[in-house]
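Quick notes on the structure that follows.
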Amino acid sequence: MCFSQLPTLASKTDNLFIGRPLFKLDLSWPKYTEDFTGTVFGVAVDHVAGLVYVAQRGENVAKVLVFDTDGDFMESWNTTTLEMPHGIFVANALTNPSVWVTDVGTGPYGHTVKKYSPSGKLLQVLGTPGQPGSGVNPLQFDQPAEIFVHTSGEIYIVDGDGGMNNRLIKLSKDLQVVWVHGEKGQELAQFYIPHSVAVDSYQRVWVADRGNKRIQVFNAVTGDWLGTWGSCFSEDGPYSVRQTSDQKYFVVVQLNSNQITLLKAPPVGVIGQCEVLSTIQLAEEVKPHLVDIDVKTGALYVAEIGAQQAQKFVPLI
Numbered sequence: 001m002c003f004s005q006l007p008t009l010a011s012k013t014d015n016l017f018i019g020r021p022l023f024k025l026d027l028s029w030p031k032y033t034e035d036f037t038g039t040v041f042g043v044a045v046d047h048v049a050g051l052v053y054v055a056q057r058g059e060n061v062a063k064v065l066v067f068d069t070d071g072d073f074m075e076s077w078n079t080t081t082l083e084m085p086h087g088i089f090v091a092n093a094l095t096n097p098s099v100w101v102t103d104v105g106t107g108p109y110g111h112t113v114k115k116y117s118p119s120g121k122l123l124q125v126l127g128t129p130g131q132p133g134s135g136v137n138p139l140q141f142d143q144p145a146e147i148f149v150h151t152s153g154e155i156y157i158v159d160g161d162g163g164m165n166n167r168l169i170k171l172s173k174d175l176q177v178v179w180v181h182g183e184k185g186q187e188l189a190q191f192y193i194p195h196s197v198a199v200d201s202y203q204r205v206w207v208a209d210r211g212n213k214r215i216q217v218f219n220a221v222t223g224d225w226l227g228t229w230g231s232c233f234s235e236d237g238p239y240s241v242r243q244t245s246d247q248k249y250f251v252v253v254q255l256n257s258n259q260i261t262l263l264k265a266p267p268v269g270v271i272g273q274c275e276v277l278s279t280i281q282l283a284e285e286v287k288p289h290l291v292d293i294d295v296k297t298g299a300l301y302v303a304e305i306g307a308q309q310a311q312k313f314v315p316l317i
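Residue numbers for the sequence shown follow UniProt numbering, so the first one is 1 and each next one is one higher.
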């Protein structure tokens, strides 16, 4: 669906809202942008504790910064076990929270998915550190892009941020492989740089198939392919995908076009064609990379590589 309306709102931060505005920028978050010391790649929200984890890269910088949802800086992780964090996700926020980080580094700690305590203690490592996978072993990663841990404990990993692997992997809560789609290509259930993954309220898995400029959808239980959205991404591929807390929209970011797009979420049993409802056009060179949603408040957090920061957008009621 093409944009049918002219921009309706411009902010002093050079953001344009195209279509019906659904979010607005929270200028008070974070309270001090100087807290960002590296290049920001990922963001994850603990809606129970009211914390926001920001993954960043750079020489001699903390790899994870922790803020509260009011914008106050809380602490940093000065861990040496992270080389190049990419995706970050908070799991089991209601009971026993943990923070999962995908590491795309090529050194002795890279090519892994790591589980940390909320304070940054390394608890578990998936994959063999420092050894890129060949595609034969589902748990031998090559620059894994993102992880999504469902409330059931089941784990979904997209493995392929430019490495040899182009895979979507589902693991059981005890880390057994349930199913895998693992072939590079442009056909159905094939990928080229699968970059982000999310599971919606209808047990459908949504994958940002970045290199193919499309989103592919799968049955979370069986792994069966359900549909593809490609018409909304003719100019730039989707980098991140999340469902909003009210389950009405999917949030997709496109790095090269500096856009945050709200797509209409289809009902159960129907994928259909993608429909753009609203777009936030960010300033030039902001480069939004990955996003996360606060399921308690509905707020949207965006990790921005070019701007070297994370920003918060709050829903318009």
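C-beta atoms are modelled at their ideal positions from N, C-alpha and C, and glycine is treated no differently.
Notebook entry, point to check: When the Cα atoms are used, what is the spatial distance from L126 to I18?
Noted result: Along the sequence shown, one-based indexing puts residue 126 at 126. Along the sequence shown, one-based indexing puts residue 18 at 18. Taking the straight line from one Cα to the other gives about 41 Å.
Check: In its own chain, which residues sit with a C-beta less than 6 Å from the C-beta of L188, not counting the 5 before and 5 after it?
Finding: Counting from one through the sequence shown, the residue named residue 188 turns up at place 188. Excluding residues within five positions, the ones whose Cβ falls inside 6 Å are W225.
Next item on the list: Could you have a look at N212 and say whether DSSP puts it in helix, strand or coil?
Entry: The count along the sequence shown starts at 1 and reaches residue 212 at position 212. Of the three classes helix, strand and coil, the one that applies to N212 here is helix, per DSSP.
Notebook entry, point to check: Which value, in whole angstroms, describes the spacing of the CA atoms of N92 and P85?
Noted result: Here the question's residue 92 lines up with position 92 in the sequence shown. Here the question's residue 85 lines up with position 85 in the sequence shown. Taking the straight line joining both Cα atoms gives about 20 Å.
Notebook entry, point to check: Span of the beta strand (DSSP E) holding Y156?
Noted result: As a working mapping, residue 156 is identified with position 156 in the sequence shown. Per DSSP, Y156 belongs to the beta strand (DSSP E) from I155 to D159.
Notebook entry, point to check: Using CA coordinates, which residue listed in A220, Q186, R204 and V205 is at the minimum distance from N212?
Noted result: Here residue 212 is taken as the residue at index 212 of the sequence shown, counted from 1. Nearest option by C-alpha distance: Q186.
Notebook entry, point to check: Among Y53, P144 and V61, which residue has its Cα nearest to the Cα of Y116?
Noted result: Working through the sequence shown from its first residue, we reach residue 116 at position 116. Closest by C-alpha distance to Y116, out of Y53, P144 and V61, is Y53.
Next item on the list: Leaving out five residues on either side along the sequence, give the residues of the same chain with a beta carbon under 6 Å from the beta carbon of M164.
Entry: Taking the sequence shown and counting its residues from 1, one reaches residue 164 at position 164. The residues are D142.
Notebook entry, point to check: Straight-line CA distance for E183 to D72?
Noted result: Taking the first residue of the sequence shown as position 1, residue 183 is located at position 183. Taking the first residue of the sequence shown as position 1, residue 72 is located at position 72. Taking the straight line from one Cα to the other gives about 43 Å.
Next item on the list: State buried or exposed for I305, treating a residue as buried only when at least 16 other CB atoms are found within 10 Å of its CB.
Entry: Against the sequence shown, residue 305 aligns to sequence position 305. Per the 10 Å Cβ criterion, buried.
Margin query: With a threshold of 7 Å on Cβ separation, who are the neighbours of R20 within its own chain once the five nearest residues in sequence on each side are excluded?
Written below: Translated into positions along the sequence shown, residue 20 becomes position 20. Excluding residues within five positions, the ones whose Cβ falls inside 7 Å are L277 and S278.
Item checked: Outcome for N256 when other beta-carbon atoms lying within 10 angstroms are tallied against a minimum of 16 -> As a working mapping, residue 256 is identified with position 256 in the sequence shown. Exposed, by the Cβ-count rule.
Next item on the list: To the nearest angstrom, report how far apart Q254 and T102 are at their CA atoms.
Entry: Counting from one through the sequence shown, the residue named residue 254 turns up at place 254. Counting from one through the sequence shown, the residue named residue 102 turns up at place 102. C-alpha separation (whole angstroms): 20 Å.
Margin query: Is it buried or exposed, L51, if we count other Cβ atoms within 10 angstroms and call 16 or more buried?
Written below: For the purposes of this step, residue 51 is taken as the residue at position 51 of the sequence shown. That one is buried.
Margin query: Tell me the rounded alpha-carbon separation between N96 and D246.
Written below: For the purposes of this step, residue 96 is identified with residue 96 of the sequence shown, where counting begins at 1. For the purposes of this step, residue 246 is identified with residue 246 of the sequence shown, where counting begins at 1. Their backbone Cα atoms lie some 24 Å apart in a straight line.
Margin query: At the level of alpha carbons, what is the spacing between G298 and E59?
Written below: For the purposes of this step, residue 298 is taken as residue 298 along the sequence shown, with counting starting at 1. For the purposes of this step, residue 59 is taken as residue 59 along the sequence shown, with counting starting at 1. Whole-angstrom Cα-Cα distance: 34 Å.
Notebook entry, point to check: So, P238 versus H195, is the Cβ gap smaller than 9 Å?
Noted result: Within the sequence shown, the letter at position 238 stands for residue 238. Within the sequence shown, the letter at position 195 stands for residue 195. Contact flag set, yes.
Next item on the list: For K173, count neighbouring Cβ atoms within 10 angstroms of its own Cβ and tell me buried if that reaches 16, exposed if not.
Entry: Taking the first residue of the sequence shown as 1, we reach residue 173 at position 173. Exposed is the call here.
Checklist line | Contacting residues, own chain, Cβ-Cβ under 7 Å from P108 (five flanking each side not counted) | finding: Residue mapping note: residue 108 aligns to position 108 of the sequence shown, counting from 1. Around P108: P129 and G130.
Next item on the list: Starting from A220, follow the beta strand (DSSP E) in both directions and report where the run begins and ends.
Entry: Within the sequence shown, the letter at position 220 stands for residue 220. A220 -> no beta strand (DSSP E), and no H or E assigned at all.
Next item on the list: Pull up the DSSP beta-bridge partners for V302, would you.
Entry: The residue you call residue 302 lines up with position 302 of the sequence shown. DSSP output for V302 lists V291 and Q311 as bridge partner(s).
Item checked: Nearest-angstrom Cα separation, counted from L300 out to I317 -> Counted from its first residue, the sequence shown places residue 317 at position 317. Counted from its first residue, the sequence shown places residue 300 at position 300. Their Cα atoms are separated by approximately 14 Å.
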